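Visitor: Take this structure, written in structure tokens, and hold onto it; I'll ask about it next.
There are 6 protein chains.
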Amino acid sequence: MYLADEAWPDLETYFEEESLALVPLGSTEQHGPHLPEGTDHLIAEAFAREVADRTGYLCTPTVNIGVSPHHRQFWGTMWVDAPVFRDYVESLARNLTYHGIDRIVFVNAHGGNVQHLREVGRRLRDAGDAYAVEWMWDDAIPDLVDDLFEQNGPHGGPKETAMIQYLHEELVHEDRLDDAKEGGVPSVAATGNVRHGSRTFYDAIDNTDNGVLGDQTDATAEKGEQLFDAASDQLEQLCEWLANQEFEALLPKEHV
Amino acid sequence: MYLADEAWPDLETYFEEESLALVPLGSTEQHGPHLPEGTDHLIAEAFAREVADRTGYLCTPTVNIGVSPHHRQFWGTMWVDAPVFRDYVESLARNLTYHGIDRIVFVNAHGGNVQHLREVGRRLRDAGDAYAVEWMWDDAIPDLVDDLFEQNGPHGGPKETAMIQYLHEELVHEDRLDDAKEGGVPSVAATGNVRHGSRTFYDAIDNTDNGVLGDQTDATAEKGEQLFDAASDQLEQLCEWLANQEFEALLPKEHV
Amino acid sequence: MYLADEAWPDLETYFEEESLALVPLGSTEQHGPHLPEGTDHLIAEAFAREVADRTGYLCTPTVNIGVSPHHRQFWGTMWVDAPVFRDYVESLARNLTYHGIDRIVFVNAHGGNVQHLREVGRRLRDAGDAYAVEWMWDDAIPDLVDDLFEQNGPHGGPKETAMIQYLHEELVHEDRLDDAKEGGVPSVAATGNVRHGSRTFYDAIDNTDNGVLGDQTDATAEKGEQLFDAASDQLEQLCEWLANQEFEALLPKEHV
Amino acid sequence: MYLADEAWPDLETYFEEESLALVPLGSTEQHGPHLPEGTDHLIAEAFAREVADRTGYLCTPTVNIGVSPHHRQFWGTMWVDAPVFRDYVESLARNLTYHGIDRIVFVNAHGGNVQHLREVGRRLRDAGDAYAVEWMWDDAIPDLVDDLFEQNGPHGGPKETAMIQYLHEELVHEDRLDDAKEGGVPSVAATGNVRHGSRTFYDAIDNTDNGVLGDQTDATAEKGEQLFDAASDQLEQLCEWLANQEFEALLPKEHV
Amino acid sequence: MYLADEAWPDLETYFEEESLALVPLGSTEQHGPHLPEGTDHLIAEAFAREVADRTGYLCTPTVNIGVSPHHRQFWGTMWVDAPVFRDYVESLARNLTYHGIDRIVFVNAHGGNVQHLREVGRRLRDAGDAYAVEWMWDDAIPDLVDDLFEQNGPHGGPKETAMIQYLHEELVHEDRLDDAKEGGVPSVAATGNVRHGSRTFYDAIDNTDNGVLGDQTDATAEKGEQLFDAASDQLEQLCEWLANQEFEALLPKEHV
Amino acid sequence: MYLADEAWPDLETYFEEESLALVPLGSTEQHGPHLPEGTDHLIAEAFAREVADRTGYLCTPTVNIGVSPHHRQFWGTMWVDAPVFRDYVESLARNLTYHGIDRIVFVNAHGGNVQHLREVGRRLRDAGDAYAVEWMWDDAIPDLVDDLFEQNGPHGGPKETAMIQYLHEELVHEDRLDDAKEGGVPSVAATGNVRHGSRTFYDAIDNTDNGVLGDQTDATAEKGEQLFDAASDQLEQLCEWLANQEFEALLPKEHV
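Residue numbers (my numbering), protein chains in the order written: chain A, 1 to 256; chain B, 257 to 512; chain C, 513 to 768; chain D, 769 to 1024; chain E, 1025 to 1280; chain F, 1281 to 1536.
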């Protein structure tokens, strides 16, 4: 059920019977020469809406802009500062509890949001307001991702390329996949910017000239579909697991 | 041009030639028994995208959740607290200036956001970072709105109803328009809650049992189209005016 | 009863019997060539003290400096930034509840404070600490204001001029009333700075060279007295209404 | 010159020629059974206005409510939390610099404000915006205070009593001076609440049943006048000294 | 008992039986040509550990960096801004209450921390979370300090010198004691920087060229030992007194 | 060179010649039944002091308390909330730049601090104030760690055990190593608490009954020495690399 499409009287039953919400979050940031800046929020929204359709759980509108200062040197990257992002997500999540929501899945598709969503989740849980978990699709199906691609790349690589090929083919510049590979780097390790155990870079541009990593030429819409289906299955199961827990069991454990 | 659909290399020319961005903002909140909770952000996005298409100016993704605590008693209303909303919008607006944007139109469709967007606009201008203006479609065409409807209603009334009938007819419960009118109130004045010059209410529910005001039975998709076209014309002209100003002329004037 | 004049043992009875406080708030900012910078706080204090005298309700000292950055280009305007003003008023209002105050009238005479006092009022009410309403004298008697003056002007116009002529005639430069009118503008509408529905100005100086609007030559002390008496009546009635409510009835309504 | 009484055009010359402002700050808090709650802000305002009159320096309106949580157990005490007070004073002080003020005397009459005004002063100075000093009348004339009274008392004692007897005799309950003495304590030392070098109290009520210290029966209006004149002389000299400094000499010294 | 040396199972008994913790706090800042920058945190830690050893009360690790912007012009001074210091100490203190601690002694050896620790103590007490007192060794034995030294000096003077001579003789440059005295000033009073009752200085360097005050040539390790023993006795007694109070008796008193 | 041991005149040369500082940071938190709560800050301090000794670079005092709410259910764990920790470290780091430091190595030994130190590093770099990198010893020598132990464990496991055996053998409860292993879990993966790609735990106690992971019986002081030497070599090289960079090269790259 997609919250924004419903009139308020039609939501009452849901809130009376269920207490779980899917909140999609992404970013608007460069994804190389071949992918749209909306890549992350498009993916997050697709997963959240798909699983809401499958299961009947409530899906909220998407938070489209996230923590992406590390991509700012590339045209069009938008971002909010980290403390602001945390407070925004915390506020909207806590306010959902007013309607009885007490468990939330942050359906996230941007690596730069992860730690912040975890920090927000801690605040909500430690306050006893809600139990929120962060979920990223590729973390849910690591083996499949490894099987399908030679060189994954954490940003703008073949897995994100395949996903957008499947979800929004019209937004992929197929003719630039070679450029994407050539102008980028295979992996962070390949850059030599992890020195003596320390990450000595802060921005994507410190590592890659065109903003991406991995071998994008490996990507196809079919692989994207495979990934989408497999990860949707995982998200569906996560929702069911979460919905079945007692709320007390989700709260912080007592002192030893 | 819609930022989220573009790959970064395709945005360079825009930022070199133009310095204006349209940022749509709305809310996700109850709009009565007949309209979807997404009403405000759907309208904001429609205007911003329409005028971006007409003019070529850049449109960013939409901020879907705004300052709506006054609607929280109705199922599904989402909101962020006012200080958090201000900081979120300020952060994303200021960060746009990194790419050379120095003038922004907040294409807003939620009355509850207005004062906060003005406060953000002041911060940006006083800091010399950007000149942002807040725009709401119905403020741009007050006479037409008055002509088309007997009883406007500031929230969930005939003007918003007509707009969604035009933009997303599948989301309007046509069979509930009478209920909407009967279960609500004609206007704030009619509630008697402005006492001796003081607004003695804070929440929508203080005034109206079903969350809306006005006479919705007056609304049609045709009127919605009229409104949309007329207000889009105004927004287009606003953008052109703004784009044509010297940046210095937009900054605060000197001390007398 | 004026709090600051009393010794603490003489206040006990009040707090045991009543739970309402009048808190005057204004600004210190330019009011044109003819009026003192203290205009707003002088007016606010006068109303609050008058009605405290009439009714016996408690009046606190005045908050003399408010949110006036939009007047800063004129010599002497003082202001605090909006977030700071909100926190200051919230803190002093919430702390009043320690003595049992649970309803507050913000007797305000500065338009620039209105939205901030409403925001503070929401914080106090949503927290269940107190119910505060914002009151401005001219909002309480709109018809009389319209009747008395041809061209009101929202700032430094004839209504404020008449009020200070009545309350503090020694502070009005009567010989500058013509200048005030000539050097200013009749109204915001007359400036052309509301463009296509958007307010494209932020500061008073964007609209008016001498800081004021309206036709001040219309003002007299007699009219000021009429305004003062009529608005005091309204404030008195507001206090009585507010004092007679059950506190629970003032708190936020339950979820539908 | 009192800022709030002036129209803006009459302030221009001052700001062009001078760069000093006197800002009176006090509190609204219990001062025992015999003195009004406004004692501190009345005293602060009296000194600031007196010296502004004598010297021509600019005096702003008074900040009437300060940091007084330690007096809250006594009826009527108002306060703002310390961080809020600091930000409020910092904001109004910094904003004064917009008109060219670069040196400020905080004419303070409440001990509980001292450290906060010093902290604000540091912020202003370290930022290079202004040089502000905190001044309290009794710190300026310690010997005279010692000479005139047997048992000073830091709060609501004979020195404050004498001052209000002189400035506002109608607000002093002369018939309660004995009670004030009997119901209070001679000094903090006498309470035994400084233990092993540690102040083990936080609130006035931890030390004194009626909120005051010292021997109030010693106080007379004549002594008040003596104190007022002597301390005004000191404040006048402080202003002259401060006005005569080069601004650069007031800024932080360079690194060694 | 020193918390950091213990494994968690060995702490259970303490928290079950006791509710007091000693928290040492100091600074890292210049202490003249003869003393180490760590002087304050070394002294604080020594006292807290000594008394923890004597009494069995729990001592936590030391907060080594405090509020020292006023010493920054001298090489090596470290500091955190005052609001940050308060929040850091408040957070660690409040979190101690999770284990049942409800009374804390801030064993402090830096004058610049005092007011901030008091402010933190108020926050903790007013929230009902814990009762914290601030303790500085020299405040506990003022007579002995006066007896032992001619010219104390509040910073880097003979009392701190003697203390480090006793605790860490290897860190004292004995050959620079004369320089310390010659290059500094005897006292703040001697600088003339308290003008007409106002402290017209903010930084140490405003008063003293080498950063210190007093006559250091008076100091010996033997005197240091005397001071240390005497002050430790006081701290021990303070702990015993505090441990023996009912928690309710430590909380804020009721309204009169 | 250890800053806290030096008198200020002896630091001048360093700051004139060098611009790098080592800042050790750890935590005070449970490390299982066998290790002291200070484990992390003891390790961090040991590395920072060792490399400062080897290279002559400046080492500051240690930040002993970090972000450890996830260990709070075990007796004695201390922590500060994440936003407070970030601000504290940011403040002390930025203030170091006053003396000319423009590159900082956060010598960190607590995994829970990593993301926060990275966020602080970004703030400092994006502001152009300093370039700070986060370094953790085990990240610097992953292969050696893997070689030496069968089952590493991320917290309280054999690598930390070996380190404390080497650095502070008196603080290790050798007789509890078996218990540590038996009462804990081998790894996070073994707990089953990563579900469908989502970490569904927040606290250590969600995963492990005694607070630790891994096989501690593998640990010896000799292995600790090996680890310490190897990681110190890495840290030394990191410092040399960092010291040799041009400051401009460390700042954010320009927009593409």
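Backbone N, C-alpha and C define an ideal beta-carbon position, used for all residues, glycine too.
Please read all numbers here as calculations on a predicted model, not as lab measurements.
1) Do the segment 460-480 of chain B and the segment 397-408 of chain B meet, that is, are 3 or more Cβ pairs less than 8 Å apart?
2) Could you give the DSSP three-state label for Tyr1112 of chain E: helix, strand or coil?
3) Going by DSSP, what residue range makes up the alpha helix (DSSP H) through Pro24 of chain A?
4) Looking only at DSSP bridge pairs, what is Ser1478 of chain F linked to?
5) In chain A, which residues lie with their C-beta within 8 Å of the C-beta of Arg1374 of chain F?
6) Cβ atoms of Ala460 of chain B and His411 of chain B: under 8 Å apart, would you say?
7) How would you write the range of the beta strand (DSSP E) that Arg103 of chain A sits in, first residue to last?
8) Runs of 4 residues minimum, wholly inside the segment 1058-1082 of chain E: which ones carry the alpha helix (DSSP H) assignment?
9) Helix, strand or coil for Leu213 of chain A? Go by DSSP, reduced to three states.
10) Just checking: is the beta-carbon of Ala263 of chain B within a distance shorter than 8 Å of some beta-carbon in chain A?
11) What residues in its chain sit with their C-beta under 6 Å from that of Leu762 of chain C, if we drop five residues either side in the sequence?
12) Look up Trp587 of chain C in the DSSP assignment and give the residues it is bridged to.
13) For Tyr970 of chain D, which residues from the same chain have a beta carbon less than 7 Å from its beta carbon, with the 5 sequence-adjacent residues on both sides left out?
14) Need the endpoints of the beta strand (DSSP E) that Glu902 of chain D sits in, please.
15) Is the beta carbon of Glu510 of chain B less than 8 Å from the beta carbon of Gln627 of chain C?
16) Given a threshold of 16 other Cβ atoms within 10 Å of its Cβ, counted over all protein chains shown, does Gly56 of chain A qualify as buried or as exposed?
17) Which value, in whole angstroms, describes the spacing of the CA atoms of Ala486 of chain B and Val323 of chain B?
18) Checking 8 Å against the spacing of the C-beta atoms, do His99 of chain A and Trp331 of chain B come in under that value?
19) Grouping DSSP H, G and I as helix and E and B as strand, with all else coil, what is His582 of chain C?
20) Just confirm the distance between the C-beta atoms of Ser198 of chain A and Phe47 of chain A, as a whole number of angstroms; I'd bet it's less than 8 Å.
21) Using a Cβ-Cβ distance under 8 Å, would Ala772 of chain D count as near chain C?
22) Please report whether the beta-carbon of Ala82 of chain A lies at a distance below 8 Å from any beta-carbon of chain F.
23) If you follow the alpha helix (DSSP H) that Gln165 of chain A is in, where does it begin and where does it stop?
24) Give me the Cβ distance between Gly157 of chain A and Val194 of chain A, rounded to the nearest whole Å; I'm assuming they're in contact under 8 Å.
25) Kindly list the residues whose CB is nearer than 7 Å to the CB of Thr295 of chain B, restricted to its own chain and excluding five residues on each side of it in sequence; keep chain order.
26) So what does DSSP say about His287 of chain B, is it helix, strand or coil?
27) Mark Asp1418 of chain F as exposed unless 16 or more other C-beta atoms lie within 10 angstroms of its C-beta, in which case mark it buried.
28) Taking all protein chains shown into account, decide if Pro654 of chain C is buried (16 or more other Cβ within 10 angstroms of its Cβ) or exposed.
29) Looking at chain F, which residues of the segment 1109-1138 of chain E have a Cβ within less than 7 Å of any of its Cβ atoms?
30) Could you name the residues of the segment 1333-1352 of chain F whose beta carbon sits closer than 9 Å to any beta carbon of chain A, in the order they occur along the chain?
31) Distance, Cα to Cα, Tyr563 of chain C vs Gln746 of chain C?
32) Is there a C-beta anywhere in chain D that falls below 8 Å from the one on Asp1227 of chain E?
33) Please go through the same chain and pick out, in chain order, the residues whose beta-carbon is closer than 7 Å to the beta-carbon of Trp391 of chain B, but skip the five residues on each side of it.
34) Expressed to the nearest angstrom, what Euclidean distance is found between the alpha-carbon atoms of Glu758 of chain C and Met513 of chain C?
35) Pull up the distance between the alpha-carbon of Met1358 of chain F and that of Glu182 of chain A, whole angstroms please.
36) Compare the Cα-Cα distances from Gln1506 of chain F to each of F:Val1364, F:Leu1451, F:Val1425, F:Gly1494 and report the closest residue.
Guide: So, from the listed chains and residues:
1) yes
2) Within the fifth sequence, residue 1112 of chain E is the residue found at index 88, counting from 1. Here Tyr1112 of chain E sits in helix by DSSP.
3) Taking the first sequence and counting its residues from 1, the one referred to as residue 24 of chain A is at position 24. Where Pro24 of chain A is concerned, there is no enclosing alpha helix (DSSP H), although the beta strand (DSSP E) it sits in stretches over 20-25.
4) Here residue 1478 of chain F refers to the residue found at position 198 when the sixth sequence is read from its first residue. In the DSSP output, where bridge partners are listed per residue, Ser1478 of chain F has F:Arg1475.
5) The sequence position of residue 1374 of chain F within the sixth sequence is 94, counting from 1. Within 8 Å Cβ-Cβ: nothing; Arg1374 of chain F doesn't reach chain A, min ~16 Å.
6) Counting from 1 along the second sequence, the entry for residue 411 of chain B is found at position 155. Counting from 1 along the second sequence, the entry for residue 460 of chain B is found at position 204. In this structure, Ala460 of chain B lies closer than 8 Å to His411 of chain B by Cβ.
7) Indexing the first sequence from 1 puts residue 103 of chain A at position 103. 103-108 is the extent of the beta strand (DSSP E) around Arg103 of chain A.
8) 1063-1079
9) As a position in the first sequence, residue 213 of chain A is number 213, starting the count at 1. DSSP places Leu213 of chain A in strand when its eight states are reduced to three.
10) To locate residue 263 of chain B, count along the second sequence from 1; it is residue 7. Yes, its Cβ sits closer than 8 Å to a Cβ of chain A.
11) Sequence index remark: in the third sequence, residue 762 of chain C carries index 250 (1-based). Once the five neighbours on either side are set aside, the close Cβ partners of Leu762 of chain C are Tyr643.
12) Numbered from 1 along the third sequence, position 75 holds the residue referred to as residue 587 of chain C. Per DSSP, none; premise fails for Trp587 of chain C.
13) The sequence position of residue 970 of chain D within the fourth sequence is 202, counting from 1. If we look at Tyr970 of chain D and ignore the five residues flanking it on each side, its Cβ neighbours are His838.
14) Counted from its first residue, the fourth sequence places residue 902 of chain D at position 134. Unbroken beta strand (DSSP E) run through Glu902 of chain D: 899-904.
15) Residue mapping note: residue 510 of chain B aligns to position 254 of the second sequence, counting from 1. Residue mapping note: residue 627 of chain C aligns to position 115 of the third sequence, counting from 1. The answer is no: Cβ separation not under 8 Å.
16) For this step, residue 56 of chain A is matched to residue 56 along the first sequence. Gly56 of chain A is exposed by the Cβ-count criterion.
17) For the purposes of this step, residue 486 of chain B is taken as residue 230 along the second sequence, with counting starting at 1. For the purposes of this step, residue 323 of chain B is taken as residue 67 along the second sequence, with counting starting at 1. For Ala486 of chain B and Val323 of chain B, the distance between alpha carbons rounds to 27 Å.
18) Within the first sequence, residue 99 of chain A is the residue found at index 99, counting from 1. Within the second sequence, residue 331 of chain B is the residue found at index 75, counting from 1. Yes, Cβ-Cβ distance for His99 of chain A and Trp331 of chain B is below 8 Å.
19) As a first step, residue 582 of chain C is located in the third sequence; it is residue number 70 there, counting from the start. Correct three-state label for His582 of chain C: helix.
20) What you label residue 198 of chain A is simply residue 198 of the first sequence in a count that begins at 1. What you label residue 47 of chain A is simply residue 47 of the first sequence in a count that begins at 1. Actually they are not in contact, since the Cβ atoms of Ser198 of chain A and Phe47 of chain A sit about 34 Å apart, beyond 8 Å.
21) As a working mapping, residue 772 of chain D is identified with position 4 in the fourth sequence. Interface residue, yes.
22) Working through the first sequence from its first residue, we reach residue 82 of chain A at position 82. Answer yes: the Cβ-Cβ gap between Ala82 of chain A and chain F drops below 8 Å somewhere.
23) The count along the first sequence starts at 1 and reaches residue 165 of chain A at position 165. 158-167 is the extent of the alpha helix (DSSP H) around Gln165 of chain A.
24) In the first sequence, the residue the question calls residue 157 of chain A occupies position 157. In the first sequence, the residue the question calls residue 194 of chain A occupies position 194. Actually they do not touch by this definition, with Cβ atoms about 18 Å apart.
25) Indexing the second sequence from 1 puts residue 295 of chain B at position 39. Result list for Thr295 of chain B: His287, Glu416, Ile420, in chain order.
26) For the purposes of this step, residue 287 of chain B is identified with residue 31 of the second sequence, where counting begins at 1. If DSSP states are grouped into helix, strand and coil, His287 of chain B belongs with the strands.
27) As a working note, residue 1418 of chain F is residue 138 in the sixth sequence. By the 10 Å Cβ count, Asp1418 of chain F comes out buried.
28) On the third sequence, position 142 is the one that residue 654 of chain C refers to. Exposed, because fewer than 16 other Cβ atoms sit within 10 Å of the Cβ of Pro654 of chain C.
29) Asp1111, Tyr1112, Ser1115, Leu1116, Asn1119, Leu1120, Tyr1122, His1123
30) Pro1349, His1350, Arg1352
31) Against the third sequence, residue 563 of chain C aligns to sequence position 51. Against the third sequence, residue 746 of chain C aligns to sequence position 234. Just to set this straight, residue 563 of chain C is Val in the shown sequence, not Tyr. For Val563 of chain C and Gln746 of chain C, the distance between alpha carbons rounds to 10 Å.
32) The residue you call residue 1227 of chain E lines up with position 203 of the fifth sequence. Taking Cβ atoms only, chain D reaches closer than 8 Å to Asp1227 of chain E, which makes this a yes.
33) Working through the second sequence from its first residue, we reach residue 391 of chain B at position 135. If we look at Trp391 of chain B and ignore the five residues flanking it on each side, its Cβ neighbours are Val361, Phe362, Val363, Asn364, Leu491, Leu494.
34) Counted from its first residue, the third sequence places residue 758 of chain C at position 246. Counted from its first residue, the third sequence places residue 513 of chain C at position 1. If I take the Cα positions, the gap works out to 23 Å.
35) As a working note, residue 1358 of chain F is residue 78 in the sixth sequence. As a working note, residue 182 of chain A is residue 182 in the first sequence. Going by the C-alpha atoms only, they are around 49 Å apart.
36) Taking the sixth sequence and counting its residues from 1, one reaches residue 1506 of chain F at position 226. The shortest Cα separation from Gln1506 of chain F among F:Val1364, F:Leu1451, F:Val1425, F:Gly1494 belongs to F:Val1425.
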